[in-house]
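Note that the numbering used here has the sequence shown beginning at 3, numbered continuously upward.
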Amino acid sequence: MQQKQLPLNPSLEHLKSQAKQLLKAHKDGSLDAFQRIRSFFPKLSDATDTEIQRAVFSLQHAQLVIAREYGFASWTGLKEQVLHQEQDREKMPPKDLLFQILRTPDLTQAHIQRVEELITDDPSLVSTRNENGRTPIEALAAKGLINFGKERWYRPIRQLYDLFREHGAATHVVAAVLMDDREYLETSIGNNPEVLKQRFDISRTWRGISLLAIAAGCNRIEIAKVLIEADPSLVTEGQAEGKAPMDLLVKPWHHSAFDAEPRKPFYDLLVENGAVPDVGAALAMDDWQRAGAYIARNPQLLEQQFVCGNQIKFRPIEIAAAYGREFILSLLFTVAEANGIDIEKDLASALTQTSALDVTEKLLETTQPSASVITNALIFACEVYQPEKVRLLLKYGADPSAPLKARFRYDVVQNLKLGDDGSRTCEMSPLFLPGTKTLASEIASHTEYTIEFVRKLKGTKTLAFETVSHTCEMSPLLVAIGTWYGIREAEEALDECLEIVGALLEAGADVHRSYRVDMDGEVLELTPLTYTQKLAALFPDKPFERIIEVLGSADVGID
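As structure tokens, then:
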């Protein structure tokens with residue numbers, strides 16, 4: 003395995019945490035952990051996975067592995083280097099250091115402690131502004147918007163917000179809503195009731211929305227109660243434009259990451275105060291009685307699309323499957339059959355979109371989809387790392403060697419590189435949410451396309467080439483190995499990747515077949531092994547060696 007580079011702003015606490023995580027991963031039997039230990043712990047460099055799992059492995063041993071991963075001979079050497087860099091940061095102007103810390107992706111208690119030291123030494127820092135004209139509180143609010151509703155990232159941000167407030171920092175009403183600062187919000191409303199009528203831009207997608215909609219987006223129910231009491235009309239404000247609180251509560255989140263349970267009290271609060279959720283919102287929030295009543299009264303709703311997670315438009319059967327609503331799916335099937343509504347395309351999409359195994363099996367058993375539909379679902383499950391679903395689809399006849407014809411770069415999701423001159427790059431995989439009008443999903447069905455075709459789809463006048471006259475290929479194996487969702491971006495995904503690769507090989511995936519793959523602009527004929535070797539060269543810090551070992555043991559020839 004390749005060594006890592008220390009980040010520009012290393013934290014000793016974060017490194018200690020990495021060592022503890024490695025220790026736990028060893029105890030849990032993680033194959034990724036075994037490979038890291040084998041690569042960087044000399045006593046176990048020739049050990050098998052079983053021997054590593056049985057070996058005594060302490061926190062000190064884990065710290066040594068972490069140190070060697072970063073190119074240091076010992077934990078002491080790594081610690082000294084980090085402390086030295088911290089001393090260098092001490093020479094940085096306090097203002098620059100403060101905003102550098104606020105830009106840190108994963109804030110720790112050590113960061114919070116350092117911020118407290120800085121603003122204690124110089125209280126004026128709480129009102130200073132960065133290069134974007136933002137105060138520390140405003141920078142935190144922007145950071146909170148980036149991590150919209152994700153509590154794991156929110157907690158340290160809120161700690162810093164409270165710290166700045168304790169040291170006299172001014173705040174504003176949007177930050178107060180995001181940070182659950184009920185006291186400031188109530189004071190603001192009391193001093194200026196017109197703030198309830200104001201509309202705010204919080205991202206490129208969500209512009210001109212109310213404070214209650216912002217509260218809904220980050221699930222601040224106590225803030226919502228204050229706002230509704232002050233102005234009940236906020237509950238339905240923005241409904242016609244798709245910017246009402248109900249929209250922000252449900253629709254920004256992709257269904258694979260959506261958790262309805264913690265948002266259900268907010269949903270109930272809105273409904274109690276006059277909000278009328280559409281079928282999509284009711285299905286997403288598991289309000290099966292309301293959704294069922296809608297469909298029973300008007301079966302034609304099954305043919306209509308509704309905006310749901312990530313602003314994607316789905317029909318009710320697709321939504322029920324995507325969100326794992328197995329109970330209501332049966333009802334929808336019954337209504338469709340009774341009213342002669344064709345749902346074949348919906349069922350194909352539903353099989354692809356759902357991550358719920360019970361829904362997957364229900365669809366496979368009751369709808370008897372074609373082999374191509376099952377294989378499409380397999381390829382998507384490989385892309386988003388759903389090993390149990392992969393096994394289930396293979397059991398029902400998915401083709402483990404099926405070629406997927408489209409123009410790809412090496413990593414699947416960055417589907418189309420139009421050039422290095424600033425022209426548009428498509429970031430959406432054609433496997434992702436089929437049926438949506440994205441550049442990639444359209445190109446996936448074209449072996450040739452012109453610049454006029456692409457301009458029509460994207461509305462851009464700047465493209466790097468005129469035509470593409472060839473079709474590239476991927477297979478389930480190549481998708482699983484190269485996907486952006488996998489080990490190319492996160493080493494901890496190795497175990498899932500190995501599971502999927504193993505399942506495909508057991509099902510008879512053709513490891514000798516070559517596929518036409520776009521590797522950084524060069525179209526190459528590659529087998530799964532040679533493809534993985536190319537990826538290992540492109541991303542030397544990622545654990546592709548384990549995949550190479552598995553494919554090599556499957557007797558793949560090396561060109």
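Quick reminder that beta carbons are idealized off the backbone N, C-alpha and C, glycines included.
### Message
Quick check on the DSSP output: the alpha helix (DSSP H) that includes E508 runs from which residue to which?
### Response
Within the sequence shown, numbered from 1, the residue matching residue 508 stands at position 506. Run containing E508: L496 to E508, per the alpha helix (DSSP H) assignment.
### Query
When we look at the beta-carbon of A295 and count the other beta-carbons within 10 Å, is it buried (16 or more) or exposed?
Taking the sequence shown and counting its residues from 1, the one referred to as residue 295 is at position 293. A residue is called buried once 16 or more other Cβ atoms fall within 10 Å of its Cβ, and A295, having fewer, is exposed.
#### Entry: Residues of its chain near N275, where Cβ-Cβ distance is below 8 Å and the 5 sequence neighbours each way are ignored
Counting from one through the sequence shown, the residue named residue 275 turns up at place 273. Only I230, P234 and V237 meet the Cβ criterion.
### Simplified DSSP assignment, three categories, for F541
Here residue 541 refers to the residue found at position 539 when the sequence shown is read from its first residue. Correct three-state label for F541: coil.
### Task
Work out the CA separation of Y186 and N193 for me, nearest whole Å.
By 1-based counting over the sequence shown, the position of residue 193 is 191. By 1-based counting over the sequence shown, the position of residue 186 is 184. Distance between the alpha carbons of N193 and Y186 is about 10 Å.
### Message
Alpha carbons only, please: which of L24, A556 and Q355 is nearest the one belonging to K315?
### Response
Translated into positions along the sequence shown, residue 315 becomes position 313. Here the closest residue by C-alpha is Q355.
### Query
What is the rounded straight-line gap between the Cα of A322 and the Cα of A293?
Start at 1 with the first residue of the sequence shown, and residue 322 comes out as number 320. Start at 1 with the first residue of the sequence shown, and residue 293 comes out as number 291. Roughly 10 Å between the two C-alpha positions.
### Task
Go ahead and pull the three-state DSSP assignment for K315.
In the sequence shown, counting from the first residue as 1, residue 315 sits at position 313. Three-state DSSP puts K315 in a strand.
### Query
Considering only the beta carbon of each residue, do K145 and L104 sit closer than 9 Å?
Here residue 145 refers to the residue found at position 143 when the sequence shown is read from its first residue. Here residue 104 refers to the residue found at position 102 when the sequence shown is read from its first residue. Yes, the Cβ-Cβ distance between K145 and L104 is below 9 Å.
### Query
With 16 other CB atoms within 10 Å as the buried threshold, where does T485 fall?
Reading the sequence shown from its first residue, position 483 is the one you call residue 485. By the neighbour-count rule (16 or more Cβ atoms within 10 Å), T485 is buried.
### Task
Report, in whole angstroms, the separation of the C-beta atoms of T110 and E15, which I expect to be a contact under 8 Å.
One-based indexing of the sequence shown puts residue 110 at position 108. One-based indexing of the sequence shown puts residue 15 at position 13. Beta-carbon to beta-carbon, T110 and E15 are separated by about 5 Å, close enough to satisfy the 8 Å threshold.
### Query
For F202, which of helix, strand or coil comes out of DSSP?
By 1-based counting over the sequence shown, the position of residue 202 is 200. If DSSP states are grouped into helix, strand and coil, F202 belongs with the strands.
### Query
Using a beta-carbon distance below 9 Å, is K145 in contact with chain C?
Structure shown: chain C not included; a single protein chain is present.
### Task
Look at K253 and G311 and say whether their C-beta atoms are less than 9 Å apart.
For the purposes of this step, residue 253 is identified with residue 251 of the sequence shown, where counting begins at 1. For the purposes of this step, residue 311 is identified with residue 309 of the sequence shown, where counting begins at 1. Cβ distance < 9 Å, so K253 and G311 count as in contact.
### Message
Quick check on DSSP: helix, strand or coil for K460?
### Response
Position 458 of the sequence shown, counting from 1, holds the residue named residue 460. Confidence at K460 is low in this model, with a pLDDT of 37, below 50, so the placement of that residue is unreliable and no value is reported for it.
### Message
Please identify the residue among V175, D51 and I549 whose C-alpha is closest to the C-alpha of V228.
### Response
Counting from 1 along the sequence shown, the entry for residue 228 is found at position 226. Ranking the options by Cα distance to V228, first place goes to V175.
### Query
If you run the structure through DSSP and keep just helix, strand and coil, what is L418?
By one-based count along the sequence shown, residue 418 stands at place 416. In this prediction, L418 scores a pLDDT of 32, lower than 50, which makes its location untrustworthy; the coordinate-derived value is nonetheless stated afterwards. It is a strand residue.
#### Entry: Collapsed DSSP secondary structure at I39 in the structure displayed
Taking the sequence shown and counting its residues from 1, one reaches residue 39 at position 37. The DSSP-derived three-state label of I39 is helix.
### Query
V375 and L353: beta carbons closer than 9 Å?
Here residue 375 refers to the residue found at position 373 of the sequence shown. Here residue 353 refers to the residue found at position 351 of the sequence shown. Yes, they are a contact pair.
### Task
Check whether the Cβ atoms of L213 and V179 lie closer than 9 Å to each other.
Here residue 213 corresponds to residue number 211 of the sequence shown, with the count starting at 1. Here residue 179 corresponds to residue number 177 of the sequence shown, with the count starting at 1. Contact flag set, yes.
#### Entry: Pair within 9 Å by beta-carbon distance, H86 and P158
Here residue 86 refers to the residue found at position 84 of the sequence shown. Here residue 158 refers to the residue found at position 156 of the sequence shown. At least 9 Å separates the beta-carbon of H86 from that of P158.
### Message
Using 8 Å for Cβ pairs, my map puts C499 next to I549. What's the rounded Cβ distance?
### Response
Counting from 1 along the sequence shown, the entry for residue 499 is found at position 497. Counting from 1 along the sequence shown, the entry for residue 549 is found at position 547. Indeed, because the Cβ distance is near 7 Å, the residues count as touching under 8 Å.
### Query
DSSP three-state call for I550: helix, strand or coil?
Taking the first residue of the sequence shown as position 1, residue 550 is located at position 548. Helix at I550.
### Task
Can you have a look at R201 and say buried or exposed, based on whether 16 or more other CB atoms are within 10 angstroms of its CB?
On the sequence shown, residue 201 is found 199 positions in, with the first residue counted as 1. By the neighbour-count rule (16 or more Cβ atoms within 10 Å), R201 is not buried but exposed.
### Task
Output the distance between the C-alpha atoms of T173 and Y156, rounded to the nearest integer angstrom.
Here residue 173 is taken as the residue at index 171 of the sequence shown, counted from 1. Here residue 156 is taken as the residue at index 154 of the sequence shown, counted from 1. Going from the Cα of T173 to the Cα of Y156 covers about 17 Å.
### Query
Does the Cβ of E320 have 16 or more other Cβ atoms within 10 Å, making it buried, or fewer, making it exposed?
Here residue 320 refers to the residue found at position 318 when the sequence shown is read from its first residue. By the neighbour-count rule (16 or more Cβ atoms within 10 Å), E320 is buried.
### Task
Name, in chain order, the residues that DSSP records as bridge partners for R70.
Numbered from its first residue, the sequence shown carries residue 70 at position 68. Beta-bridge pairing links R70 to no other residue.
### Task
Check whether the stretch 113-133 touches the stretch 24-31, taking contact to mean three or more Cβ pairs, one atom from each stretch, closer than 8 Å.
no
### Buried versus exposed, by CB contacts within 10 Å (16 or more), A75
On the sequence shown, residue 75 is found 73 positions in, with the first residue counted as 1. Here A75 is exposed, its C-beta having fewer than 16 other C-beta atoms within 10 Å.
### Query
Would you report the Cα separation of R393 and Q302, rounded to the nearest angstrom?
For the purposes of this step, residue 393 is taken as the residue at position 391 of the sequence shown. For the purposes of this step, residue 302 is taken as the residue at position 300 of the sequence shown. Distance between the alpha carbons of R393 and Q302 is about 35 Å.
### Query
Roughly how many angstroms lie between the CA atoms of G73 and A400, to the nearest whole one?
In the sequence shown, residue 73 corresponds to position 71, counting from 1. In the sequence shown, residue 400 corresponds to position 398, counting from 1. Straight-line Cα distance between these residues: approximately 44 Å.
### Query
Taking one C-beta from the stretch 382-390 and one from the stretch 336-350 each time, how about it: are there three or more such pairs within less than 8 Å?
Look at the beta carbons and you see the stretch 382-390 not touching the stretch 336-350: under three pairs across the two are nearer than 8 Å.
#### Entry: Buried or exposed by the 16-neighbour rule on C-beta atoms within 10 Å, applied to Y163
As a working note, residue 163 is residue 161 in the sequence shown. By the neighbour-count definition (other C-beta atoms within 10 Å, threshold 16), Y163 is a buried residue.
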